Every structure is written in structure tokens, then in C-alpha cells.
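Right, one structure below, let's go through it.
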Amino acid sequence: MEIKEQLKQDEQLLVQVFKLEKFIKKYRIQLIVAAIILIVYMIGKTTYDYIKTQELIKTNNAFDELLANPNDKKALDIVKENKKLYELYLLREGKNLNAITSPELKEFAAYKLAMQKGDIKSLDNYLLNPEYKVLKDPVRVALIRAYLRKGNRKKALEIFKDMEPNSKFADIAKYLLHYGIAK
């Protein structure tokens, strides 16, 4: 009984091998072309990834050089090739903040501009922008300080009420309001 089953299994295996051989003979050219395309794709992708990595390394090294020596024009030109890295450089240096278009950095640039101006209008505009979510509390502290400087304690209290109660900036704002510090 076992021998019959073993022979049946061997026979089925041979039938499958013959079917596979027939399939390979029938589609030989297509299989070779598919294998070549796959190999070329893998080589191309690997080469592309390598080139991109080398470009990133080059721009990152130039960025490091630029941070060490802001007058290095060659490094600046290399950094300009990578838009996001160049915008990060502009943000860090506080230069041409309006030129920053990257959504990741735009909020930080707007924050820096509002804080540099320090006037009520700029700070209010930052708070009213629904796209900006991260740095609202520090701007509120600056706005409270600006209103206290102008003697408008009521408006400063309204802004304080909008702050998150567990925020570290809420404590600072509370001290500003309590002591009336406006310098």
C-alpha cells in the first residue's frame, strides 16, 4: 500500500516537472526578458538611491561648513540646491523668512517674524492663523506682555484664558499678570 502511494506521488511529481518544463519552453523568451528587466530595474534603483544619498551627504556637509563659516559662498551654493535645507538655514540665520515655503518650517518662520516684530498686530495675526498650532502659547505670553506694556490688563487676561492650563507658558503668563511685569 505504501509503495503504491509513493509511486503515485512520484508520478504526480514527474507530471508537474514535465508541465513546468513545457511552460518554460513555451514562454522562455518572455521569462528571460522579465528577468533582464527585473535585474536592470534593481541595478537602476540601487544606482539612483546611491546617487541621491551621496547628494544628501554632500549638501549636509556643506550645511555643516556653512554653519561653521557663514561667509562660505561655495557651501551656500551647494546648500541652495536642497530647498528644504536652504530654508532651514534661512530660518536659523533669521534671513529672508518670508521666502520660506516649506510647510514644516513656515510656522516657525512666521513665529520668528512675529516675535521679532513684537507688536500686537503681528502677534495677533499669528494667533489667528488656523494653520499654526505648535507655538501659540509662547506668542500668547508675548502678547500678554505687549498688552500689559500698553496698560490693557483686561485684554491680557482674555488672552491668558485661551492658554492651555497645564502649559509651562501658562505659569509665565500668570506671573506676568500677577506682578504686572511689562518691561
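Each number in our numbering corresponds to the 1-based position in the sequence shown with 10 added.
Glycine included, every Cβ here is placed at the ideal spot set by N, Cα and C.
These numbers were taken from a predicted model, which means no experiment stands behind them.
Compare the C-alpha of Y189 against each of A166, R150, L86 and name the closest.
-> If we check each option's Cα against that of Y189, A166 comes out closest.
Best match in G161, I169, A85 for proximity to L138 [C-alpha to C-alpha] | Considering only G161, I169, A85, the residue with the shortest C-alpha distance to L138 is I169.
Decide yes or no for the touch test of the stretch 176-183 against the stretch 144-162: beta carbon pairs closer than 8 Å, at least 3 of them.
-> Yes, the stretch 176-183 touches the stretch 144-162.
Around the C-beta of T56, are 16 or more other C-beta atoms found within 10 angstroms, so that it is buried, or is it exposed?
-> T56 should be labelled exposed.
DSSP-derived helix/strand/coil call for K143 = Three-state result, K143: coil.
Relative to the alpha-carbon of E141, which residue among R163, P113, L101, L66 has its alpha-carbon at the smallest distance?
-> Closest in C-alpha terms to E141, from the list R163, P113, L101, L66, comes P113.
Taking all protein chains shown into account, decide if T69 is buried (16 or more other Cβ within 10 angstroms of its Cβ) or exposed.
-> Burial call: buried.
If you draw a straight line from the C-alpha of V43 to the C-alpha of N81, how long is it?
-> Taking the straight line joining both Cα atoms gives about 54 Å.
Nearest-angstrom Cα distance between F118 and S177?
-> Answer to the nearest angstrom: the Cα atoms are 19 Å apart.
Under 6 Å Cβ to Cβ from L133, same chain only, skipping five residues before and after it: list those, please.
-> Within the same chain, A124, V149, A152, L153 come within 6 Å of L133 by CB-CB distance, once the 5 residues on both sides are set aside.
Quick one: using the 10 Å Cβ neighbour count with 16 as the cut-off for buried, is F73 buried or exposed?
-> Note on F73: 16 or more other CB atoms within 10 angstroms of its CB, so buried under the neighbour-count rule.
How about I34 and L24: are their beta carbons less than 8 Å apart?
-> Contact: no.
Measure the Cβ-Cβ separation of L186 and L158 and say whether it is below 8 Å.
-> At the C-beta level, L186 and L158 come within 8 Å of one another.
Backbone CA spacing between N135 and L107 [nearest angstrom] | If you take the alpha carbons of N135 and L107, they lie about 16 Å apart.
Have a look at A85 and L115 and give me their C-alpha separation to the nearest angstrom.
-> Distance between the alpha carbons of A85 and L115 is about 21 Å.
I130 versus R102 - alpha carbon distance | About 24 Å.
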